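Note sheet for the following structure.
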Amino acid sequence: MQRKITCNSLSSVGVSNMGELLTWGSNKYFILGQKRTNSSATMPATLKVSGHDITVTDVSLGEFHAACLINDKFTNCISM
6 MQRKITCNSL SSVGVSNMGE LLTWGSNKYF ILGQKRTNSS ATMPATLKVS
56 GHDITVTDVS LGEFHAACLI NDKFTNCISM
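The following block contains the structure:
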């Protein structure tokens, strides 16, 4: 289940009720945090956010970047 979904013209990013970061759509410019730019997904995939006791609480997506709020304190930029 999604708590929040944000999108641009080609990609979508969401935060689940469990605080997981989910990405799908085009990975152009590495915006989804995946390793290859030519990859694309039609189903949401969980993006691993490194660290202990991390909960993603908010997310924002632009045309060339995505950023998430972690534990309501720190912003982590996925790609620029």
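The numbering of the sequence shown is this note's numbering, which starts it at 6 and goes up by one. Note that beta-carbon positions come from the ideal geometry of N, C-alpha and C, so glycine has one too. As the structure is a prediction and not an experimental result, all values here were calculated from the model.
Across the set His-70, Lys-78, Asn-76, Asp-77, the C-alpha of His-70 shows the shortest separation from the C-alpha of Gly-38.
Sixteen is the threshold: when 16 or more other Cβ atoms of the shown chains lie within 10 Å of the Cβ of Gly-19, as they do, the residue is buried.
The distance from the Cβ of Ala-46 to that of Gly-30 is about 7 Å, consistent with a contact at the 8 Å cut-off. Listed in chain order, the non-local C-beta contacts of Glu-25 below 6 Å within the same chain comprise Thr-51, local neighbours out to five positions each way being set aside.
Going by DSSP, Asp-63 is part of the beta strand (DSSP E) stretching over 61-66.
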